[in-house]
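For the protein sequence lines, the chains are U and C, in the order given.
The opening residue of the first sequence carries number 1 in my numbering; numbering runs sequentially from there.
The opening residue of the second sequence carries number 1 in my numbering; numbering runs sequentially from there.
What follows is one structure encoded as structure tokens, with my remarks underneath.
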Amino acid sequence: MASRILLRALHLGFLLAAAAVALTFPGHRVSPGWAFTVLAVYAHAAARLLGAQGPEKAAVFLEVLPFFGFAVAFFGWMDPFQGLQTVAAGIASGAAILAIESWFVKGSPTFGSSLGFIGACALAGLGLAMVSPWLVLGPALLLWLGAGYGLARGRA
Amino acid sequence: MRPGVVLAALLLTWPAAGQDLRLEMGTFQPYRINQARLVAEAGLSGELELSGRLWDGRSVPLFRTHLAAESRAEELAFYLDEDIRAIECRTGDRSVVVDLAALEGRHGAVPPEEAALRARMRDLDPPVDLAPRGEAKDRLSLAGTDLVMAGFQASTTLFGFAVPRTSLWLLAGFAVLALAVSVLPMRHRRLRFVLMVGASSLGTLAVLGATTPRPTLFSVVFQGDGPGARVAGSLERHLEERSTYTLMAWTGGHDGGSRAARSGQVELLGLWAPVAPGIPLADIVPPGSLVRFSSPPLVSIREGEAFLTSRTFITGWVVHGL
């Protein structure tokens with residue numbers, strides 16, 4: 001229990017330290033797509049370290065979400081509405097990737113499934129960097145719904 | 001202007017045939033805030049947008065308003081410069097296009113005085129509209145620098161925003177909350193997840209709000225009166241919080257930061273106002289001034305007052321009281 005809390009504290013402390021360091025680079029531009037990829041891969045690694053799977057892994061992603069919002073607003077130079085759209089597209093992409101992983105990967109994640117997960121995160125990040133968040137949001141929501149349906153059918 | 005393009009532009013119609021929309025005004029003048037009147041016999045209502053077509057084919061929004069009640073005419077205000085080849089006013093499925101090059105061709109040669117003003121503004125290149133880096137500086141000393149160079153120097157060294165430290169406190173608060181939720185017993189798994197969704201959503205919204213800088217007007221007033229002038233002396237910062245934006249002005253120091261009555265003076269602007277309402281137009285470009293922006297801003301009307309917004313950070317020069 002104590003080691004779990006310590007690992008959690010380290011994971012959140014690392015994110016906080018990264019945000020504090022980021023504050024020393026005001027005005028620099030980082031694409032929200034890059035921020036998404038880096039943070040999603042970090043969340044995946046943190047979830048593996050914490051032994052979190054399924055809803056527990058989703059909770060780790062939720063812990064990273066405000067830091068993604070910070071990166072979008074601080075490095076993306078967006079107005080709050082644009083920032084919200086980008087964060088929404090990021091949430092939908094993350095949820096879709098997690099749902100697809102849960103659907104396809106039974107049991108503990110393997111090296112191959114991790115590689116696939118990172119690839120999917122990079123692809124979603126590329127989408128966020130290249131096109132309007134609305135164009136990412138729609139397909140991501142569809143994938144999420146599709147994977148959710150597949151998961152539900154698999155459980156039934 | 002390029003003769004080939006002017007010739008092509010002359011072939012365009014104005015106003016568009018078969019439309020009941022009409023733009024009424026005198027001459028369209030670049031480097032100024034232009035006023036026009038849109039008239040429609042069949043009435044105007046709903047969204048109204050005026051956009052500019054640049055020489056490279058891109059379209060930029062110049063004016064936008066929402067007409068709550070139906071009217072026959074609407075007053076428009078918009079920025080023009082020589083990069084804008086034509087303007088298009090659109091409401092619903094109706095539109096009117098005014099080809100500025102063709103219009104100028106019909107009016108004959110530009111008077112020498114106007115040509116000299118335009119040449120002067122052409123020489124006043126606004127600094128590259130990169131987002132400000134670092135925190136705003138309090139002062140800058142200039143030693144006989146060329147005006148345009150002084151503008152570049154001022155925009156890169158002076159313009160900046162306060163670092164959003166509140167965001168870090170919010171993130172720290174969220175991290176503590178997330179840690180507290182994660183130590184809840186496993187039998188409350190569902191409650192843990194719901195709490196995390198709530199905390200994460202609220203945390204993200206709060207961080208987004210706290211991290212985005214407030215609309216800001218950066219202003220540097222130079223004593224020189226043209227592109228060839230050399231400027232010297234020390235500029236000091238004056239900060240003023242206004243109702244919709246923050247004004248950061250750097251002036252000679254002796255006038256307490258007042259931006260009023262600057263006849264003939266040249267002012268460098270930086271504008272960060274991505275969302276409505278924006279910054280009052282009269283605060284940025286006083287009547288009778290010439291202005292050149294790095295990218296055209298959008299004018300919108302709110303409660304009868306004109307405001308400027310721009311999706312990205314832009315810079316500009318204002319020559320006062322000409």
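Don't be surprised by glycine CBs; every beta carbon is placed ideally from N, CA and C.
Nothing here was measured: the structure is a model prediction, and the numbers come from that model.
Beta-carbon spacing of residue i, residue j below 8 Å
i, j, result
"Leu62 of chain C", "Thr91 of chain C", "no"
"Pro213 of chain C", "Phe161 of chain C", "yes"
"Leu142 of chain C", "Trp250 of chain C", "no"
"Leu44 of chain C", "Arg72 of chain C", "yes"
"Ala120 of chain U", "Ile91 of chain U", "no"
"Val87 of chain U", "Thr211 of chain C", "no"
"Thr216 of chain C", "Trp272 of chain C", "yes"
"Gly52 of chain C", "His66 of chain C", "no"
"Leu170 of chain C", "Phe222 of chain C", "no"
"Leu235 of chain C", "Gly252 of chain C", "yes"
"Leu124 of chain C", "Arg292 of chain C", "yes"
"Ala122 of chain U", "Thr37 of chain U", "yes"
"Leu179 of chain C", "Arg155 of chain U", "no"
"Leu281 of chain C", "Ala150 of chain C", "no"
"Gln35 of chain C", "Glu74 of chain C", "no"
"Ser289 of chain C", "Val266 of chain C", "no"
"Arg48 of chain U", "Pro133 of chain U", "no"
"Val183 of chain C", "Ile5 of chain U", "yes"
Cβ-Cβ separation, residue j to residue i (assumed contact under 8 Å), whole Å
i, j, result
"Val181 of chain C", "Ala206 of chain C", "Going by Cβ atoms, the distance from Val181 of chain C to Ala206 of chain C rounds to 17 Å, so no, they are not a contact pair."
"Ala22 of chain U", "Gly94 of chain U", "Not really, about 20 Å apart at Cβ, beyond 8 Å."
"Arg192 of chain C", "Ala59 of chain U", "7 Å"
"Asp99 of chain C", "Leu54 of chain C", "Not confirmed; about 13 Å, so no contact."
"Val96 of chain C", "Arg37 of chain C", "Val96 of chain C to Arg37 of chain C, Cβ: 12 Å. No contact."
"Ala68 of chain C", "Arg85 of chain C", "Their Cβ separation, rounded to whole angstroms, is 32 Å, which puts Ala68 of chain C and Arg85 of chain C out of contact at 8 Å."
"Gly270 of chain C", "Phe218 of chain C", "3 Å"
"Ile100 of chain U", "Ala46 of chain U", "The Cβ separation is near 19 Å, so there is no contact."
"Leu15 of chain U", "Val72 of chain U", "Their Cβ separation, rounded to whole angstroms, is 15 Å, which puts Leu15 of chain U and Val72 of chain U out of contact at 8 Å."
"Leu137 of chain U", "Ala89 of chain U", "4 Å"
"Gly33 of chain U", "Leu128 of chain U", "4 Å"
Proximal residues of chain C, C-beta to C-beta of residue i below 8 Å
i, result
"Ile5 of chain U", "Leu179, Ser182 and Val183"
"Leu174 of chain U", "Past the edges of chain U, shown from 1 to 156, lies residue 174 of chain U, and the structure says nothing about it."
"Pro55 of chain U", "Arg189 and Phe193"
"Ala35 of chain U", "Those do not exist, as Ala35 of chain U stays about 12 Å from chain C at its closest Cβ, beyond 8 Å."
"Val87 of chain U", "Thr204 and Leu208"
Nearest-angstrom Cα separation, counted from residue j out to residue i
i, j, result
"Leu50 of chain C", "His320 of chain C", "26 Å"
"Ala157 of chain U", "Leu62 of chain U", "The shown model of chain U, from 1 to 156, leaves out residue 157 of chain U, and the question about it has no answer."
"Ser295 of chain C", "Gly173 of chain C", "40 Å"
"Pro164 of chain C", "Ala109 of chain C", "52 Å"
"Thr156 of chain C", "Val299 of chain C", "26 Å"
"Gly304 of chain C", "Leu80 of chain C", "21 Å"
"Phe313 of chain C", "Phe152 of chain C", "15 Å"
"Gly134 of chain C", "His28 of chain U", "9 Å"
"Met130 of chain U", "Ser31 of chain U", "9 Å"
"Ser243 of chain C", "Thr309 of chain C", "15 Å"
"Phe104 of chain U", "Leu143 of chain U", "13 Å"
"Val220 of chain C", "Gly13 of chain U", "41 Å"
"Ala17 of chain U", "Pro26 of chain U", "16 Å"
"Asp20 of chain C", "Gly76 of chain U", "43 Å"
"Leu247 of chain C", "Ala152 of chain U", "55 Å"
"Val285 of chain C", "Ile33 of chain C", "8 Å"
"Gln85 of chain U", "Gly105 of chain C", "45 Å"
"Tyr245 of chain C", "Ala19 of chain U", "26 Å"
"Tyr31 of chain C", "Val231 of chain C", "23 Å"
"Thr27 of chain C", "Ala35 of chain U", "49 Å"
"Ala354 of chain C", "Phe68 of chain U", "Residue 354 of chain C cannot be examined here, being either before or after the span of chain C that is shown, 1 to 322."
"Val275 of chain C", "Met78 of chain U", "10 Å"
"Asp138 of chain C", "His238 of chain C", "8 Å"
"Tyr149 of chain U", "Gly54 of chain U", "15 Å"
"Phe70 of chain U", "Glu114 of chain C", "48 Å"
"Ala116 of chain C", "Pro66 of chain U", "54 Å"
Interface residues of chain U facing residue i [CB-CB closer than 7 Å]
i, result
"Pro112 of chain C", "Per Cβ cutoff of 7 Å: no residues; Pro112 of chain C is ~42 Å from chain U at best."
"Ala154 of chain C", "Simply none; closest approach about 15 Å."
"Phe63 of chain C", "Here the premise fails: no neighbours, minimum Cβ distance about 19 Å."
"Val197 of chain C", "Leu62"
"Pro132 of chain C", "Gly27"
Closer than 8 Å at the beta carbon, the chain U residues around residue i
i, result
"Val39 of chain C", "Going along chain U, no residue has its Cβ under 8 Å from Val39 of chain C, so there is no contact; the nearest lies around 33 Å."
"Pro274 of chain C", "Met78, Asp79 and Gln82"
Contacts that residue i makes with chain U (C-beta to C-beta distance below 9 Å)
i, result
"Pro164 of chain C", "Leu23, Pro26, Phe70, Ala73 and Phe74"
Contact with chain B by residue i, beta-carbon distance below 8 Å
i, result
"Phe293 of chain C", "Note that chain B does not occur in the displayed structure, where the protein chains are U and C."
Contact list for residue i against chain C, beta-carbon separation under 7 Å
i, result
"Leu12 of chain U", "Ala175, Ala178 and Leu179"
"Leu65 of chain U", "Ser200 and Thr204"
"Arg8 of chain U", "Leu179 and Ser182"
Partners in chain C for residue i, counting only beta-carbon separations shorter than 9 Å
i, result
"Leu128 of chain U", "In chain order: nothing, as chain C lies at least about 16 Å away."
Inside the stretch 47 to 132 of chain U only - beta strand (DSSP E) runs reaching at least 3 residues: Those beta strand (DSSP E) runs which fall completely within the stretch 47 to 132 of chain U and span 3+ residues do not exist here.
Contiguous beta strand (DSSP E) assignments of at least 3 residues, all confined to the stretch 163 to 225 of chain C: 216 to 222
3 or more residues per run - each beta strand (DSSP E) lying fully within the stretch 65 to 96 of chain C: 84 to 91
Whole alpha helix (DSSP H) elements within the stretch 135 to 160 of chain C, 4-residue minimum: 147 to 157
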